[in-house]
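This report concerns only the one structure given below.
Residue numbers (this note's numbering): 664 to 804.
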């Protein structure tokens, strides 16, 4: 099946990009990812299907964006709620944050706080770090 779209923006700079319905990888699809971008509506699939299959030795930074809903409680989204996500740390968002492979999660529009969770800035910064995941990676490691 052909993917209806290709990664754009910051998603083009990550090792793996998960967009509905496709997973894009770098040149070596078997290399352990250091950065993973997930389109926000696809977070439930990431938790249920992708995360369990990532090698136990992988350590990566997660980035999620691309929807006008908050994570994990889906505020301001009247038509769509993220399956399995809630304010409960035992829900899907807690599975991400408590996973030892996740170094840090940069999330657009998050509505809860956690030490491993930071806001992914929106818009395009005007600097040498513009649209660069490596700048985020350096700041968190």
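Here a beta-carbon is modelled for each residue, glycine too, at the ideal position from N, C-alpha and C.
- DSSP places residue 674 in the helix class (H, G or I) of the three-state scheme.
- Residue burial is scored here from C-beta neighbours: residue 693 has fewer than 16 other C-beta atoms within 10 angstroms and is therefore classed as exposed.
- Around the beta carbon of residue 772, 16 or more other beta carbons lie within 10 angstroms, which makes this residue buried.
- The Cβ atoms of residue 717 and residue 698 do not sit closer than 8 Å to each other.
- Under the three-state reduction of DSSP output, residue 760 falls in the helix class.
- The beta-carbon distance between residue 758 and residue 710, rounded to whole angstroms, is 5 Å. This is short enough to meet the 8 Å contact definition.
- Look at the stretch 698-730 and you find these whole runs of beta strand (DSSP E), each 3 residues long or longer: 698-702 and 723-728.
- In the DSSP assignment, the residues bridged to residue 687 are 680.
- Around residue 756, the same chain offers 734, 735 and 748 as residues with beta carbons nearer than 7 Å, after the five sequence neighbours per side are excluded.
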